[in-house]
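Quick note on numbering: the working numbering labels position 223 of the sequence shown as 225, and the sequence is numbered without any gaps.
Even for Gly, the Cβ is constructed at its ideal location relative to N, Cα and C.
What you are looking at is a predicted structure, and each value in this text was computed from that prediction instead of being measured.
Let me begin by presenting the structure, written as structure tokens, before commenting on it.
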Amino acid sequence: MKPDEVAGVKPKPSTWLSGLLIGIVGLYIALLLGIPVVNIFYQAFREGIPAFLHRLTERELLSALRLTVLTALVVVPLNTFFGLCAALAIAHRRFPGRALLLSLIDLPFSISPVVAGLMLVLIFGRQGWLGSWRVIFAFPGIVLATAFITLPFVAREVLPVLEEAGTDQEEAAKTLGATPWQIFWRITLPNIRWGLLYGVILTNARAMGEFGAVAVVSGNIIGRTQTLPLFVEDAYRSYATGSAYAAAVVLSLLAVVTLVAREFLERGSHSRRVF
3 MKPDEVAGVK PKPSTWLSGL LIGIVGLYIA LLLGIPVVNI FYQAFREGIP AFLHRLTERE
63 LLSALRLTVL TALVVVPLNT FFGLCAALAI AHRRFPGRAL LLSLIDLPFS ISPVVAGLML
123 VLIFGRQGWL GSWRVIFAFP GIVLATAFIT LPFVAREVLP VLEEAGTDQE EAAKTLGATP
183 WQIFWRITLP NIRWGLLYGV ILTNARAMGE FGAVAVVSGN IIGRTQTLPL FVEDAYRSYA
243 TGSAYAAAVV LSLLAVVTLV AREFLERGSH SRRVF
């Protein structure tokens, strides 16, 4: 018996405390996320759906969207490959500098995106070490800045899965004569697929929404180096609020799709661990 039952006192659930905590969290989320997102959609559709669709066909917006998607198409595979290689090396090997590599992978989490962009300018700018290369104020600079900011996501999502899975299955397959490629495709990849997909989704979302580092290295040239987040800021400052809200809705929808995909992957991963 519990001490409270021995003393003749029945424990009372602190429902009021739970309700208070839920209310505080709900209010906080509503103020910071819910109301601003709802307002963005309201402002975008305030003049009607035809006006909203017309703004989506503006040349500058389409150019910014095209550049944003193209950047993500380049950056996501690059950081997926790097993150996967880094996670495999860190999880399966013990080598000098392993702790340093882990710290360097986490560096984009702690450094300001603006500072990251400035570092690239100091290296690849006209007065930089590699100034002869046309990187800054061009597409390669946008790719480098976005790749730097999104570097940790895949590695950090895959690494815990690899460490939890261990190497027993891979070692057993190796003793049975399996090649490293066969081990990867038939054992390693199935074990990490959900973590890998989760990291890819986060990388894609961050790549499409990056502002600070890209603003520094791109020059924000309309029609050439202006991504969708930069377009939103530029349109709003130019009092083209309708176009800014329309582009913001596109970015918000991308974020919603990311959240739904993440929730789906988390549920799929949990169900497979249970069964």
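Check                                                                                                                        : Outcome
First through last residue of the alpha helix (DSSP H) which encompasses PRO115                                              : 115–126
Nearest residue (CA-CA) to PHE1, options TRP196, PRO142 and GLN171                                                           : What the structure shows of the chain is the stretch from 3 to 277, and residue 1 is not part of that stretch, so it cannot be assessed.
Start-end ranges of the beta strand (DSSP E) lying completely within the segment 148–204, minimum 3 residues                 : none
Sub-8 Å separation of VAL77 and VAL218 beta-carbons                                                                          : no
Proximity below 8 Å, CB of ALA207 to CB of ALA257                                                                            : yes
Simplified DSSP state of TYR247, which is helix, strand or coil                                                              : helix
Helix, strand or coil at GLN228 according to DSSP, with G and I counted as helix                                             : coil
Beta-carbon contacts of ALA263 that lie in its chain and below 6 Å, excluding the five residues immediately before and after : ILE203
Reduced DSSP category for LYS212 - H, G, I as helix; E, B as strand; rest coil                                               : A small correction: the amino acid at residue 212 is Glu; Lys does not occupy that position in the sequence shown. Of the three classes helix, strand and coil, the one that applies to GLU212 here is coil, per DSSP.
Per-residue DSSP class, three states only, for VAL137                                                                        : coil
Start and end residues, alpha helix (DSSP H) containing ASN41                                                                : 37–47
Inter-residue Cα distance where the pair is GLU265 and TYR200                                                                : 9 Å
Buried/exposed call for ARG136, threshold 16 Cβ in 10 Å                                                                      : exposed
Under the three-state DSSP convention, the category TRP131 falls into                                                        : coil
Boundaries of the alpha helix (DSSP H) in which ASN81 is found, first to last residue                                        : 61–94
Assigned secondary structure, MET3 (DSSP; H/G/I helix, E/B strand, else coil)                                                : At MET3 the pLDDT is 49, less than 50, meaning the model places this residue with poor confidence; the figure from the coordinates comes in the next sentence. Reduced to three states, the DSSP call for MET3 is coil.
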